[in-house]
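In full-length UniProt numbering, the protein residues as written are 1 to 429.
Yeah, the Cβ is synthetic: ideal placement off N, Cα and C, and Gly gets one too.
Quantities reported herein were computed from a predicted structural model and do not represent experimental measurements.
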């Protein structure tokens, strides 16, 4: 008889192999990455451009450009675009990030070829109508005003500025006056400069036949008759942030938001895999030390987390939580205590093994669909990782020792090396 009081044995994940993608160089210079899986008759097409905050000539331009792509072309209105996407039961959206902008189409495989002309039209012939542009500016400004009433939003914004510097693209915060004054012509010029199919990375994954592959390659690989426009490719110096403590006062707030962190090694650094284990022990899952101490034992917060934020040009480590304003000093004290404990005491073997099992199991679960597999593959492309990066990740997680993690904690987790940001009511002296 099965004894449900006894946990089933854990089967360690010894290795992992990411499905290989077929890569084709198209006539115009774009690259097409294809990952096939016929488990479901669905497909995802992503066209990725160097069109994030890193490349924008003025703050907010990349955001406006990405969100305006679906607002009309010279042959289709925004309503017609939405109706056509809905007719095929598809999903089409464009997202802008710190480094890249991505147009994503989800649809049934049988509808892909019918939708490709629409996708091409949206990417190559947007008109950025003035009225819609002004409405988008207004909505965005209103949303930011609402968000800036939250201490958590203000803390994240201030932390990024202090960490990277106000002039660095990752630390440049939203400026309402600058954003509202961006003219239509600047948005059009940025689109011409950054949304070049000749420099795009195109990812096609799912149930794909030769017919769909050929259609995508033919349409998105055609050479443009216009010459590429100059784009903002300014190289910014690597950020160097000195430890500092900032307290932004929000009068009458009952809550205080805390961010503690520092610049962090990139994903290509030799320590990267072991550092992920260290951060997971500290605050990367529900049973982490920060959660047990500050949520379960002290009751200061509903949740606290520690995470690594990898980006193409700089990465960060951050601890974040929202607490009752009266508990902010005690919370900071306990965070420092946990950092110092990792530096001075070895992690017990049972705790370390639990974290290893969690990390490898979660990783395996993140490869359950072809879309998730493609997302891992995209990281290899955009971060310049080795093809065996994820195999080495599993190996490093399984082999890391408590002594190695203690050494890393001493190198990277000293409280005095951190940037601290508190947003909330004025603290008692």
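In its chain, beyond the 5 residues on either side, 267 have a beta carbon closer than 6 Å to the beta carbon of residue 310. When DSSP assignments are scanned along the UniProt domain "Peptidase M16 N-terminal" (36 to 151), the uninterrupted stretches of beta strand (DSSP E) that are 3 or more residues long and fall wholly within it turn out to be 42 to 49, 91 to 96, 101 to 108. Looking at the DSSP output, residue 257 sits in a beta bridge with 322, 423. Counted as a single uninterrupted DSSP element, the alpha helix (DSSP H) harbouring residue 403 occupies residues 402 to 412.
Per DSSP, residue 173 lies in no alpha helix (DSSP H) and is assigned neither H nor E. Here the alpha carbon of residue 220 sits roughly 15 Å from the alpha carbon of residue 44. Each residue's CA atom was taken as its position, placing residue 295 and residue 130 some 49 Å apart.
Annotated three-state conformation of residue 267 is coil, per DSSP. Bridge pairing for residue 246: 421 [DSSP]. Just so you know, the alpha carbons of residue 283 and residue 342 end up roughly 12 Å apart. Residues 94, 122, 126 of the same chain have their beta carbon placed closer than 6 Å to that of residue 69, with the five preceding and five following residues left out of the count. Taken atom to atom, the span from the alpha-carbon of residue 424 to that of residue 260 is near 15 Å. By the Cβ test, the segment 25 to 36 is not in contact with the segment 383 to 397, since fewer than three Cβ pairs between them sit closer than 8 Å.
By the criterion of a C-beta distance shorter than 6 Å, residue 120 is surrounded in its chain by 219, once the five residues flanking it on both sides are discounted. DSSP places residue 198 outside any alpha helix (DSSP H), giving it a letter other than H or E.
Excluding sequence positions up to five before and after residue 321, its CB lies within less than 6 Å of the CB of 258, 301, 304, all in the same chain and listed in chain order.
CA-CA distance, residue 406 to residue 364, rounds to 27 Å. For secondary structure counted as the beta strand (DSSP E) over 3 or more consecutive residues, the segment 276 to 334 holds these complete runs in sequence order: 304 to 309, 315 to 324.
Rounded to the nearest whole angstrom, the CA to CA distance from residue 170 to residue 240 is 13 Å.
When only Cα atoms are considered, residue 116 and residue 252 end up about 53 Å apart. Taking a contact to require three or more Cβ pairs closer than 8 Å, the segment 32 to 49 and the segment 104 to 115 qualify as touching.
A straight-line Cα-Cα distance of about 39 Å links residue 332 and residue 50. When secondary structure is reduced to three states using DSSP, residue 6 falls in the coil class, being assigned neither helix nor strand.
Beta-bridge analysis with DSSP links residue 205 to 35, 44. Taking one beta carbon from each stretch, the segment 84 to 101 and the segment 203 to 223 have fewer than 3 pairs nearer than 8 Å; the two do not touch.
Judged by DSSP secondary structure, residue 214 falls within the alpha helix (DSSP H) whose first and last residues are 210 to 220.
If you look at residue 363, you'll find it in the alpha helix (DSSP H) that goes 349 to 365. By the criterion of a C-beta distance shorter than 6 Å, residue 72 is surrounded in its chain by 78, 127, 129, once the five residues flanking it on both sides are discounted. Partner residues in the beta bridge of residue 262, as assigned by DSSP, are 317. With contacts defined by Cβ atoms closer than 7 Å, residue 217 and residue 346 do not form a contacting pair.
Residue 181 carries a coil assignment under DSSP once its states are collapsed to helix, strand and coil.
Residue 160 and residue 111 have their C-alpha atoms spaced approximately 42 Å apart.
For the 7 Å CB-CB criterion, residue 339 and residue 248 do not form a contact. Distance between residue 20 and residue 214, taken at the CA atoms: about 19 Å.
For the 7 Å CB-CB criterion, residue 156 and residue 422 do not form a contact.
Of the candidates 350, 328, 388, 390, the residue whose Cα lies closest to the Cα of residue 426 is 328.
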